[in-house]
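Colleague: Quick one: the structure is below, and I'll ask about it shortly.
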Amino acid sequence: MSDWWRDAVIYQVYPRSWADADGDGIGDLRGIAARLPHLVELGVDAVWFSPFYRSPQHDAGYDVADYRDVDPVFGTLADVDAVLREAAELGIKVIVDLVPNHTSSEHPWFREALASPPGSPARERYVFRDGKGPDGAQPPNDWRSVFGGQAWTRLTGPDGAPEQWYLHLFDTTQPDLNWEHPQVRAEFESIIDFWLDRGVAGFRVDVAHSLVKAEGLPDFPDAPAVVAGSVEQAPYFDQDGVHEIYRRWRALLDARGEPARIMCAEAWVTPAERAARYIRPDEFHQAFNFDILECPWRAEHLRTTIADSLAATSSVGASATWVLSNHDVVRHASRLGLPPGTPRPQGIGPGDPRPDPVAGLARARAATLLVLSLPGAAYLYQGEELGLPEAMDLPPEVRQDPIFERSGGTDAGRDGCRVPMAWEADAPALGFSPSGASWLPQPHEYRDLAVDRQRGVAGTTYEMYRAALRIRRETGLGSAAITPLDLGPDVVAYEHACPDGVVLGVTNLGAEPVDLPDGEVLLRSDTGTAQGPAHVGTDVTVWVRRE
Ligand code: NOJ
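Under numbering that gives the first Met the number 0, the first residue of the sequence shown is numbered 0, with each subsequent residue one higher.
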């Protein structure tokens, strides 16, 4: 079977924030269709769309009420078909999001469960339990929601009396499904077929490590208040039983033949060996490498993370899947500029430590060239090709992430990385929407970073990304074996054995410049002037073709 996915570069579109055609200030599918040529200009292989399904949008579409229909805010099924058709014409594969851990509380199954008495079959598809204590007033266990607060909500019966509790690892409007139930399993296999029939190239699977819960739902007293990343040994994460679900799904994908249809796991699982279990040959094709995303900007940490990730993925015959930003984390142009030692935040709001924007962007560019040189696939998040920073000054009244509300406003949440794209500096809403509306206000710094300000201008972040993707493709960097080079404690450097010769990648995290290796400079993350073109300066990556 073809293995296009092993070194593919895949661009994440967050539909509500990419392009708005109808002027309501929320991105939509017709907007996406019109902007698809951007992906060709950038040079990616595929696009992943965050959910556009019918949803009350309590968690920006990760609360799905109908998995086979499109939310009117984004358009219609016909609009999806048009996007799929146009993407195919442009040679871009399309991956859609699949959200199997929970439905929306407005899903017909959950409505039916609410209308049915305790113990009825309709409740079996979710995780309903009686409460603890004489009157059942205590939740069934001590699990905390990933978004803060308890993971259980108590129902009120038709007579107004308190009733059973239901589990929601996320928002109250996202009840967890019971994956022991055969109907749940059958339903998702049918949903996968539905989208494969429409022509998608694969699925990104939401919280792929959480579907199965430990037998008896045991307490988890060590849970952190808010989960910003991996949690080891939680009784609701990374249970062995999840893998058989994915083996079934893999068989469905493989049955479609060429070109390979793929699935990518969003599984915040550590250590790397546990995460690698998701990408065994009969399971997922890819799993996001969140270790690199969480890695501090320290050479020794990066070297270890890269080595461990490559060892773990190759131990199961898979390739690595690098990622630095997505719609759940602080954009890496800001994250990497935070004061050293700052724990990775969910968002940045008033009162939180602020990044150094200059160092942040320099490191982000260097980090991007580092990961794009590595063997494996890479995911890019919309706007990172422009070097967009996190939006940190969003007023509380516009914030929509349930994390902000559930934390009582103490955690800014993820809205700051979800602000709409900057296309044209002088157009309404920077070209995002013809009406000038934007569901989250765009920071004023986005104007100078708009695509049309960067296109064709040497040294811009956008042109660096385009060059990196072109060179990566031309040299075969994404599938070249690497050997680490020792150029000092603060340097991360590899020799890449490309089909037509050796490419050296050097990332300098130290205060002192290091000598540029001999050869032809293919690309550098700075303009080459800060510490002299003969050097790799602080927070700079250079790619050199050895002569
Ligand atoms: C992970 C998604 O990426 C995130 O945006 C969402 O809130 C949770 N899963 C719940 O679906």
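Think of the CB as a built atom: it goes at the ideal place given N, C-alpha and C, for glycine as much as any other residue. Keep in mind it's a predicted model, so treat the numbers as computed, not measured.
1. May I have the straight-line CA-CA distance separating E272 from I470, to the nearest angstrom?
2. Classify T482 as buried or exposed, calling it buried when 16 or more other Cβ atoms lie within 10 Å of its own Cβ.
3. Using only the alpha-carbon positions, how far apart do R405 and P344 sit?
4. What span of residues does the alpha helix (DSSP H) with W248 cover, start to end?
5. Go ahead and pull the three-state DSSP assignment for W108.
6. Taking DSSP as the reference, what is the three-state secondary structure of I31?
7. Alpha carbon to alpha carbon, how far is I91 from L38?
8. How about D410: is its C-beta nearer than 8 angstroms to some C-beta of chain B?
9. Below 8 angstroms on the Cβ atoms is my contact criterion, and I expect A298 with V505 to pass it. Report the Cβ-Cβ distance as a whole number of Å.
10. With M262 and F202 assumed to form a contact (beta carbons below 8 angstroms), what rounded beta-carbon distance in angstroms separates them?
11. For V46 versus A86, is the C-beta spacing smaller than 8 angstroms?
12. Quick one: Cα of L337 to Cα of S524, how far?
13. Return the Cβ separation of R53 and D68 in integer angstroms, given the expectation that the two are a contact with Cβ distance under 8 angstroms.
14. Candidates S189, Y125, P161: which alpha carbon is nearest L97's?
15. Among all the DSSP beta bridges, which residues are the ones paired with H495?
16. Can we count F202 as close to the ligand NOJ, meaning its CB is less than 7 angstroms from some heavy atom?
17. Under DSSP, the alpha helix (DSSP H) around Y547 begins and ends at which residues?
18. Could I get the ranges of all uninterrupted beta strand (DSSP E) runs contained in the region 335 to 403, with 3 residues as the minimum, in chain order?
19. Can you tell me whether DSSP reads T102 as helix, strand or coil?
20. May I have a chain-ordered list of the beta strand (DSSP E) segments no shorter than 3 residues that lie completely inside the region 77 to 152?
21. Should the region 3 to 10 be called in touch with the region 373 to 390, which here means at least 3 C-beta pairs below 8 angstroms?
22. Could you tell me which residues DSSP pairs with D175 in its beta bridges?
23. Go ahead and pull the three-state DSSP assignment for T320.
24. Residues in its own chain within less than 6 angstroms of G24 by CB, not counting five upstream and five downstream?
25. Relative to the ligand NOJ, is the shortest distance from any of its heavy atoms to the C-beta of D65 smaller than 7 angstroms?
26. Could you tell me if D538 is buried or exposed, where buried requires 16 or more neighbouring beta carbons within 10 angstroms of its beta carbon?
27. State buried or exposed for M0, treating a residue as buried only when at least 16 other CB atoms are found within 10 Å of its CB.
28. Which stretch, first to last residue, makes up the alpha helix (DSSP H) that contains M463?
29. Return helix, strand or coil for L154, following the three-state DSSP convention.
30. So what does DSSP say about P14, is it helix, strand or coil?
31. By how many angstroms is the C-alpha of Y125 removed from the C-alpha of T152?
32. Kindly confirm or deny that the region 309 to 318 and the region 277 to 290 touch, where touching means at least three C-beta pairs closer than 8 angstroms.
33. Using only the alpha-carbon positions, how far apart do W3 and A160 sit?
34. Would D410 and F403 qualify as a contact pair, given that the criterion is a beta-carbon distance under 8 angstroms?
35. How would you call V370, buried or exposed, if buried means at least 16 neighbouring beta carbons within 10 angstroms?
Modeller: So, from the listed chains and residues:
1. Position 273 of the sequence shown, counted from the first residue, corresponds to residue 272. Position 471 of the sequence shown, counted from the first residue, corresponds to residue 470. Roughly 31 angstroms separates the two Cα atoms.
2. Residue mapping note: residue 482 aligns to position 483 of the sequence shown, counting from 1. Per the 10 Å Cβ criterion, exposed.
3. Within the sequence shown, the letter at position 406 stands for residue 405. Within the sequence shown, the letter at position 345 stands for residue 344. Approximately 16 angstroms, taken between the alpha carbons.
4. Position 249 of the sequence shown, counted from the first residue, corresponds to residue 248. Start and end: 241 to 253.
5. As a position in the sequence shown, residue 108 is number 109, starting the count at 1. Looking at W108 - three-state DSSP - the assignment turns out to be helix.
6. The residue you call residue 31 lines up with position 32 of the sequence shown. Here I31 sits in helix by DSSP.
7. By 1-based counting over the sequence shown, the position of residue 91 is 92. By 1-based counting over the sequence shown, the position of residue 38 is 39. Near 8 angstroms, if we compare the C-alpha coordinates of L38 and I91.
8. Protein chains in the displayed structure number just one, and chain B is not present.
9. On the sequence shown, position 299 is the one that residue 298 refers to. On the sequence shown, position 506 is the one that residue 505 refers to. The Cβ separation is near 11 angstroms, so there is no contact.
10. Taking the first residue of the sequence shown as position 1, residue 262 is located at position 263. Taking the first residue of the sequence shown as position 1, residue 202 is located at position 203. Right, their Cβ atoms sit about 5 angstroms apart.
11. On the sequence shown, position 47 is the one that residue 46 refers to. On the sequence shown, position 87 is the one that residue 86 refers to. It is a contact, given that the beta carbons lie within the stated cut-off.
12. Locating residue 337 in the sequence shown gives position 338, where the first residue counts as 1. Locating residue 524 in the sequence shown gives position 525, where the first residue counts as 1. Their Cα atoms are separated by approximately 19 angstroms.
13. Here residue 53 is taken as the residue at index 54 of the sequence shown, counted from 1. Here residue 68 is taken as the residue at index 69 of the sequence shown, counted from 1. Their Cβ separation, rounded to whole angstroms, is 5 angstroms, which keeps R53 and D68 in contact under 8 angstroms.
14. Within the sequence shown, residue 97 is the residue found at index 98, counting from 1. Looking at the Cα atoms, S189 is the closest of the given residues.
15. Counted from its first residue, the sequence shown places residue 495 at position 496. Answer is I481, V502, bridged to H495.
16. The sequence position of residue 202 within the sequence shown is 203, counting from 1. False, no ligand heavy atom lies under 7 angstroms from that Cβ.
17. Outside the modelled stretch of the chain, which goes from 0 to 546, sits residue 547, for which no answer is possible.
18. 376 to 380
19. The count along the sequence shown starts at 1 and reaches residue 102 at position 103. Coil at T102, not helix or strand.
20. 92 to 97
21. yes
22. Reading the sequence shown from its first residue, position 176 is the one you call residue 175. Per DSSP, H101.
23. Against the sequence shown, residue 320 aligns to sequence position 321. Here T320 sits in strand by DSSP.
24. In the sequence shown, the residue the question calls residue 24 occupies position 25. Counting only Cβ-Cβ distances below 6 angstroms, and skipping sequence neighbours, we find S432, A436, S437, W438.
25. In the sequence shown, counting from the first residue as 1, residue 65 sits at position 66. No, since every heavy atom of the ligand NOJ falls outside the 7 angstroms radius drawn around the Cβ of D65.
26. For this step, residue 538 is matched to residue 539 along the sequence shown. Buried, by the Cβ-count rule.
27. As a first step, residue 0 must be located in the sequence shown, where it is residue number 1. M0 comes out exposed.
28. Against the sequence shown, residue 463 aligns to sequence position 464. Where M463 is concerned, the enclosing alpha helix (DSSP H) stretches over 460 to 474.
29. One-based indexing of the sequence shown puts residue 154 at position 155. If DSSP states are grouped into helix, strand and coil, L154 belongs with the strands.
30. On the sequence shown, residue 14 is found 15 positions in, with the first residue counted as 1. Looking at P14 - three-state DSSP - the assignment turns out to be helix.
31. Looking up residue 152 in the sequence shown gives position 153. Looking up residue 125 in the sequence shown gives position 126. Those two C-alpha atoms are separated by around 13 angstroms.
32. yes
33. Position 4 of the sequence shown, counting from 1, holds the residue named residue 3. Position 161 of the sequence shown, counting from 1, holds the residue named residue 160. Each residue's Cα considered, the two are about 56 angstroms apart.
34. As a first step, residue 410 is located in the sequence shown; it is residue number 411 there, counting from the start. As a first step, residue 403 is located in the sequence shown; it is residue number 404 there, counting from the start. In this structure, F403 lies closer than 8 angstroms to D410 by Cβ.
35. As a position in the sequence shown, residue 370 is number 371, starting the count at 1. Classification of V370: buried, given that the 10 Å Cβ count is 16 or more.
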